[in-house]
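If you read the sequence shown in the working numbering, its first letter stands for residue 1385, the second for the next number, and so on.
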Amino acid sequence: MILAELGKSYNNAILSISQTPFLERRTRRTFTIDPDVSEKIDKLVGGHNLEVNVLVNKAIRRYIEWGRYVDSFKLVTSDPRLMKTLWSHVTVEEAREMGTQNGKDTVVEFILYYFRKFDLDSVLKTFEMIGAEYANAYIYSEFGDRDSRTIILRHSMGLSASAYYGASFKALCDRLGVRCELEESEDQMICKIGSSSMLKTIAPKTFKEQLAKQQ
């Protein structure tokens, strides 16, 4: 599944790619790819090496940050129009209950597996990268500083969706001891995060011990 920059040789194509954004120091890697993949890259980029590097970096990054977790956590992307219809059949209270439960276990498990830690930054990164960038569930916006942040999730799926995201977010913040205020509407969820002076970072082992004490 790895795409690469071309250098045609018999039945294989060899390429070098950058692992970091352009204009920064780059690391060169050499890969062998299938001929049919090489031909498709040729058609996509029209022989421009710079465009090949952009394409390859994007493809590999998507696999590393998203694709390899899809099977493990049964992650899917859905058409927002379909999700809007599904959310219309869920009451606000039902959505909030699902969000709370999801925020207490499934999302925490994913964050610990993905980041190897559980803190506010990893929570926000999950909502931004997984929910917005890869799942396309909403548009993520964030402003403020470490002591006072405002997170906005913009979508078009109705109040139940906002209640679900809000409840998930609050459950995660509660786990970290972070105070947050929610504003939910038909097309967005706003979360205002207060002072992080009581912020905790929970490592996988510590988190499991904490769960055991609560049972």
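Heads up, the beta-carbon is just placed ideally off N, CA and C, and yes, glycines get one too. None of these values were measured; they are calculated from a predicted model.
Enclosing alpha helix (DSSP H) for residue i [first to last residue]
i: Glu-1526; result: Element bounds for Glu-1526: not the alpha helix (DSSP H) but the beta strand (DSSP E), 1523-1529.
i: Lys-1468; result: 1464-1471
i: Thr-1484; result: 1476-1488
i: Arg-1559; result: 1543-1560
Neighbourhood of residue i by C-beta, 6 Å cutoff - its chain only, sequence neighbours within 5 removed
i: Phe-1553; result: Cys-1575
i: Gly-1528; result: Thr-1534
i: Trp-1450; result: Tyr-1518
i: Val-1602; result: Residue coverage of the chain in this structure runs from 1385 to 1599, which leaves residue 1602 outside it and unanswerable.
i: Gly-1550; result: Leu-1566, Glu-1568, Met-1573
Whether residue i touches residue j by CB criterion (7 Å)
i: Leu-1370; j: Val-1476; result: Residue 1370 cannot be examined here, being either before or after the span of the chain that is shown, 1385 to 1599.
i: Val-1438; j: Leu-1504; result: no
i: Leu-1537; j: Tyr-1548; result: no
Supposed contact pair residue j and residue i - C-beta distance, whole angstroms, cut 8 Å
i: Ile-1514; j: Glu-1526; result: 15 Å between Cβ atoms; not a contact.
i: Pro-1464; j: Ser-1540; result: 6 Å
i: Val-1421; j: Val-1429; result: The Cβ separation is near 13 Å, so there is no contact.
Chain-order list of residues whose beta-carbon lies under 8 Å from that of residue i (same chain, five-residue window excluded)
i: Val-1492; result: Phe-1502, Leu-1556, Arg-1559, Phe-1591
i: Arg-1446; result: Tyr-1518
i: Ser-1472; result: Gly-1542, Ser-1544
Boundaries (first-last residue) of the beta strand (DSSP E) holding residue i
i: Ser-1532; result: 1532-1538
i: Glu-1423; result: Careful: Glu-1423 lies outside any beta strand (DSSP E), inside the alpha helix (DSSP H) at 1419-1429.
i: Lys-1501; result: Lys-1501 -> no beta strand (DSSP E), and no H or E assigned at all.
i: Met-1573; result: 1572-1577
i: Glu-1517; result: That residue, Glu-1517, is in no beta strand (DSSP E); it is neither H nor E in DSSP.
i: Glu-1567; result: 1564-1568
Cβ contact check for the stretch 1530-1545 and the stretch 1486-1502: 3 or more pairs under 8 Å: Using a C-beta cut-off of 8 Å, the stretch 1530-1545 makes no contact with the stretch 1486-1502, since fewer than three inter-stretch Cβ pairs fall below that distance.
At least three beta-carbon pairs within less than 8 Å, the stretch 1558-1569 to the stretch 1509-1524: Pairwise C-beta distances place the stretch 1558-1569 out of contact with the stretch 1509-1524, as fewer than three of them are shorter than 8 Å.
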